[in-house]
Amino acid sequence: MNRKIIVVASICLLSTLGVFSQGNIVDLGVNVQKSELSAVDIDGDGDRDLIIVGENPDGRFAQVILNDGEFNFSPMEYPFVGAALTTMDWGDVNGDGNLDAVQSGFAADSIVTNLFVSDSEGNWSVDLAMGDFQHMSPSMGIADLNNDGYTDVYVFGNHFEGKPQIYFNDQEGGFAASAQFEDYQFIDPYVSVVDIDVDGDLDLFVMAGYEVNIDARFARIFYNEEGTFTESDPEITAKGFGHAEWGDFDSDGDLDLLLNGDGWVNSGEDNDNIVRLYENDGGEFTEATTFTTYRQINIGDGTRFADWDNDGDLDVIITGWNQDAGRQATAIYLNNAGSFTEADVNASLPGVSESAVEVSDLDNDGDLDLIIGGYSGNQWNGDGSAFNRNVTLVIENTSAGSNEAPASPQNLSAVASGMDVTFSWDASTDDLTAAESLTYNFYLINAEGQYFYYPLADIATGYITSQGKGNVQLNTEWTVKGLAYDDYTWGVQAIDNSFSGSTFTSATFNHLEGGPLNAGIKPVLVYPNPVQGELKLHGTEQVKEVLIFSLAGDKVYAKALVNESSLTLNLAKGVYVLNAVYENGERSSEKIIIE
Numbered sequence: 001m002n003r004k005i006i007v008v009a010s011i012c013l014l015s016t017l018g019v020f021s022q023g024n025i026v027d028l029g030v031n032v033q034k035s036e037l038s039a040v041d042i043d044g045d046g047d048r049d050l051i052i053v054g055e056n057p058d059g060r061f062a063q064v065i066l067n068d069g070e071f072n073f074s075p076m077e078y079p080f081v082g083a084a085l086t087t088m089d090w091g092d093v094n095g096d097g098n099l100d101a102v103q104s105g106f107a108a109d110s111i112v113t114n115l116f117v118s119d120s121e122g123n124w125s126v127d128l129a130m131g132d133f134q135h136m137s138p139s140m141g142i143a144d145l146n147n148d149g150y151t152d153v154y155v156f157g158n159h160f161e162g163k164p165q166i167y168f169n170d171q172e173g174g175f176a177a178s179a180q181f182e183d184y185q186f187i188d189p190y191v192s193v194v195d196i197d198v199d200g201d202l203d204l205f206v207m208a209g210y211e212v213n214i215d216a217r218f219a220r221i222f223y224n225e226e227g228t229f230t231e232s233d234p235e236i237t238a239k240g241f242g243h244a245e246w247g248d249f250d251s252d253g254d255l256d257l258l259l260n261g262d263g264w265v266n267s268g269e270d271n272d273n274i275v276r277l278y279e280n281d282g283g284e285f286t287e288a289t290t291f292t293t294y295r296q297i298n299i300g301d302g303t304r305f306a307d308w309d310n311d312g313d314l315d316v317i318i319t320g321w322n323q324d325a326g327r328q329a330t331a332i333y334l335n336n337a338g339s340f341t342e343a344d345v346n347a348s349l350p351g352v353s354e355s356a357v358e359v360s361d362l363d364n365d366g367d368l369d370l371i372i373g374g375y376s377g378n379q380w381n382g383d384g385s386a387f388n389r390n391v392t393l394v395i396e397n398t399s400a401g402s403n404e405a406p407a408s409p410q411n412l413s414a415v416a417s418g419m420d421v422t423f424s425w426d427a428s429t430d431d432l433t434a435a436e437s438l439t440y441n442f443y444l445i446n447a448e449g450q451y452f453y454y455p456l457a458d459i460a461t462g463y464i465t466s467q468g469k470g471n472v473q474l475n476t477e478w479t480v481k482g483l484a485y486d487d488y489t490w491g492v493q494a495i496d497n498s499f500s501g502s503t504f505t506s507a508t509f510n511h512l513e514g515g516p517l518n519a520g521i522k523p524v525l526v527y528p529n530p531v532q533g534e535l536k537l538h539g540t541e542q543v544k545e546v547l548i549f550s551l552a553g554d555k556v557y558a559k560a561l562v563n564e565s566s567l568t569l570n571l572a573k574g575v576y577v578l579n580a581v582y583e584n585g586e587r588s589s590e591k592i593i594i595e
């Protein structure tokens, strides 16, 4: 559908920010560049707010700006730190079901690597007890990198500040550092968490301005296998001081790469102004097209995949210095079956360099609005319209239509194999986005209310609190390793290319029961239950071993069986799970109570 921008002069001042609007463009009065922009419902009121961190001539800056859903914005104090070249990431690190964040960046006199946690009342604080991370910048984020249901943290920065680290959640309120990336010596790295091979775990893509060992720009994939990462060269033109953006632009069921940044430095390309789109075909990357000339002059967030025109496929949004035009630029390229054309609106968009860009439906009208930040000097609305300063702008998308959310996923299934559980569902459908391109948000909560997977969405309504790909991306199957025995509630929602989410389809799962046995296997009968001392067994002819676990998943008893029909147990009173391990490797599980 066609979109147009209506420019009507109007000005309104708000608090100390100096906010004003001109037609569909709102100037937030935030004087920063080389910034990080986040759009997330930080106060839980049903509309997405803005978090802006960057630098200006007076120093470093951080500001949360609350949104009332009608393009009225007001500043609010939060503990985030003013920093340059910063990254922020959002999720639930401590499993309490409340939004948390991590931030790295260069503050005025220090390097920031902070974990911020919130409580059920919306209070935010720095959590020093849970996380004391390597002080490196500029790349920090959170994700479950070993599929155990606990959120891990990665910190990658300049090699003279320390060594890049993955901090695996130790499941006890802290983290254990992994040394597997310590041999790399990066300058200005940027890390993307993305399931490149769609195999049900999250891989890493690392780009860097320089890597000492290869004496060049750096661009590598690190494929994940249960938290162990293996380097692979995608054989693309490496870029530095830019951004890597991932999305399925060709609707073939894997995530493609939009890469921008500076060349030179033994990259094979003596040019800083080319943005490349690479098609991913089963891990093989080929150049699909280029966009020129744009130089971001910032690390991270200079480009975006988003369905700007609500036609179901991913368009491309680019910011930066346009060398050909001799000015800052903001450009939207509309996707039509894999071919891209410039949107008519581009000529009337304020351009930015030293830039960052975000998309979010800030007025909940069913289309994505645009948030840009950086230095803006172009005449975007005739003579005299140039800002000629750092800006942070909200640009309303004035579409005539509203996007419809996808259908909710169906046929949820949870199957246990020992302590590993595979959750699956049928691919969902959407009126415009291809089924192959839908991503999914997955949540998993135990009987005590602990979150093992936390979606950036309201599980009651499906409202997405921070719009983007779902937390399990394109997968319709996800295995959680070593999941503690318990009762669980879980669910999944589908997300289309306009980042609208379906309602969640939810189910319950009793992990105490284990997985189904083959028809030829006779389950073991355990009695009496509850038991005091001696536990009798019946039907152990095909059983080679009995294991007993606490509800936390700790093995507390193991015995190989040779014609035994009873076990003498010296365990503390409580509830346990007994596993009977069969000759063919299968298991059956049963809850036992020791009195």
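Numbered per this note's numbering, the sequence shown spans residues 1 to 595. Backbone N, C-alpha and C fix where the C-beta goes; we use that ideal spot for every residue, glycine too.
| Query | Result |
| --- | --- |
| DSSP state of VAL212 mapped onto helix, strand, coil | coil |
| Rounded separation between ASP458 and TRP264 - CA only | 45 angstroms |
| Proximal residues to ALA552 (C-beta, below 6 angstroms), its chain only, five neighbours per side dropped | ALA484 |
| Cα-Cα separation between SER355 and GLY162, rounded to whole angstroms | 27 angstroms |
| Sequence ranges, beta strand (DSSP E) only - wholly within the segment 383-437, length at least 3 | 389-395, 413-417, 420-424 |
| Paired residues, beta bridge with ARG295 - DSSP | TRP321 |
| Opposing strand residues paired with ILE196 [DSSP bridges] | DSSP output for ILE196 lists no bridge partner at all. |
| Alpha carbon of ASP152 to alpha carbon of PRO75, nearest angstrom | 31 angstroms |
| LYS544 at chain B interface by Cβ criterion, 8 angstroms | Absence of chain B from the displayed structure is noted, only one protein chain being present. |
| Element boundaries [beta strand (DSSP E), containing PRO246] | For the record, residue 246 in the displayed sequence is Trp; it is not Pro. 240-247 is the extent of the beta strand (DSSP E) around TRP246. |
| Contact set for PHE106: own chain, Cβ-Cβ below 7 angstroms, skip 5 residues either direction | ALA83, ALA84, LEU85, SER137 |
| Cβ contact check for the segment 65-73 and the segment 89-96: 3 or more pairs under 8 angstroms | no |
| Cβ-based burial, TYR653 [other Cβ within 10 Å; buried from 16] | Residue 653 lies beyond the stretch modelled for the chain, which goes from 1 to 595, so this question has no answer here. |
| Three-way DSSP call (helix, strand, coil) for SER355 in this model | strand |
| Paired residues, beta bridge with PRO75 - DSSP | ILE65 |
| Assigned exposure category for VAL562 - 16 Cβ within 10 Å defines buried | exposed |
| Heavy atom of the ligand ATP within 7 angstroms of SER35 beta-carbon | Ligands displayed in this structure: none; no statement on the ligand ATP is therefore possible. |
| Closest Cα partner of GLY470 within the set PHE61, LEU547, ASN441 | ASN441 |
| Close beta carbons around GLU404, own chain, < 7 angstroms, minus the five adjacent residues each side | ASP431 |
| Supposed close pair GLY491, PHE509 - CB separation, criterion 8 angstroms | With a Cβ gap of about 11 angstroms, GLY491 and PHE509 do not count as contacting. |
| Distance, ALA177 Cα to LYS573 Cα | 35 angstroms |
| DSSP-derived helix/strand/coil call for PHE499 | coil |
| Per DSSP, the bridge partner or partners of ARG327 | ASN322 |
| Length of the line joining the Cα atoms of GLY401 and GLN33 | 33 angstroms |
| Residue nearest to ALA434 in terms of C-alpha spacing, selected from PRO406, LEU412, GLU182, GLY418 | PRO406 |
| Three-state secondary structure assigned by DSSP to SER348 | helix |
| Secondary structure, beta strand (DSSP E): runs of 3+ residues fully inside the segment 564-588 | 566-568, 574-582 |
| Outcome for PHE160 when other beta-carbon atoms lying within 10 angstroms are tallied against a minimum of 16 | exposed |
| Sequence-distant residues of its chain with Cβ nearer than 7 angstroms to THR489 (five each side left out) | ILE445, SER506, THR508 |
| Contacts around TYR278, its chain only, beta-carbon distance under 7 angstroms, and the 5 residues preceding and following it disregarded | ILE236, ASP256, LEU257, LEU259, PHE285, THR286, GLU287, ALA288 |
| Bridge partner(s) assigned by DSSP for LYS555 | PHE549 |
| Cβ-based neighbour list, ALA216, same chain, cut-off 8 angstroms, excluding 5 preceding and 5 following | TYR210, ALA238, VAL265, ASN266, SER267 |
| Where the beta strand (DSSP E) through HIS538 begins and ends | 534-538 |
| Per-residue DSSP class, three states only, for GLU590 | strand |
| Of the residues GLU396, THR398, GLY373, SER104, the one placed nearest ARG660, counting alpha carbons only | Given that the chain is displayed from residue 1 to residue 595, the structure contains no residue 660 and the question cannot be resolved. |
| Pairwise C-alpha distance: ASP170 and LEU571 | 25 angstroms |
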